[in-house]
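With the first letter of the sequence shown counted as 1, position 27 gets the number 27 in UniProt numbering; the numbers rise by one all the way through.
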Amino acid sequence: MSDTKVLTPQKAQEYWQRTKSLMWVVLVIWFLSGFVVHAFAPALNQIRILGFPLGFYMAAQGSLIIFVWLIFWYVNRQNRIDDEFGVSED
């Protein structure tokens, strides 16, 4: 049998609240980097990085870098929440 910790209803509610809060933070960062930054692409194109307009750079590289970073950051934060509540996986 596995040694799992059963959460009380209050702890389960707190765990779910922290998980939902983290999810909303991730969705806001995703939305800002995926849509809002690109809405300002014409203005960003006035700035050049390595000869490329910043709007193009954000679309081609910047957003992808942010998305990959966001995945690792989310996993790290969720693992901390899981550890705190004793529901982490081995």
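C-beta atoms are modelled at their ideal positions from N, C-alpha and C, and glycine is treated no differently. Quantities reported herein were computed from a predicted structural model and do not represent experimental measurements.
**Request:** Can you tell me which of Tyr74, Ser63 and Arg18 puts its alpha carbon nearest to the alpha carbon of alanine 39?
**Result:** Ser63
**Asked** Would you call leucine 44 buried or exposed, if buried means 16 or more other Cβ atoms sit within 10 Å of its Cβ?
**Response** buried
**Nonlocal neighbours in the same chain, by C-beta distance under 6 Å from isoleucine 49, ignoring five residues either side** = Tyr57
**Request:** Closer than 6 Å by C-beta to proline 42: which residues in its own chain qualify, once you throw out the five before and the five after it? Chain order, please.
**Result:** none
**Message:** Along the chain, where does the alpha helix (DSSP H) containing leucine 65 start, and where does it finish?
**Reply:** Looking at the sequence provided, one finds isoleucine at residue 65 rather than leucine. Residues 63-85.
**Message:** On the criterion of 16 or more Cβ atoms from any shown chain inside 10 Å, does serine 33 qualify as buried, or is it exposed?
**Reply:** buried
**Message:** My assumption, with CB atoms under 8 Å, is that phenylalanine 85 sits in contact with leucine 7. Please give the rounded CB distance.
**Reply:** 7 Å
**Prompt:** In chain order, what residues of the same chain lie with their CB nearer than 8 Å to the CB of lysine 11, ignoring the 5 residues before and after it?
**Reply:** Phe85
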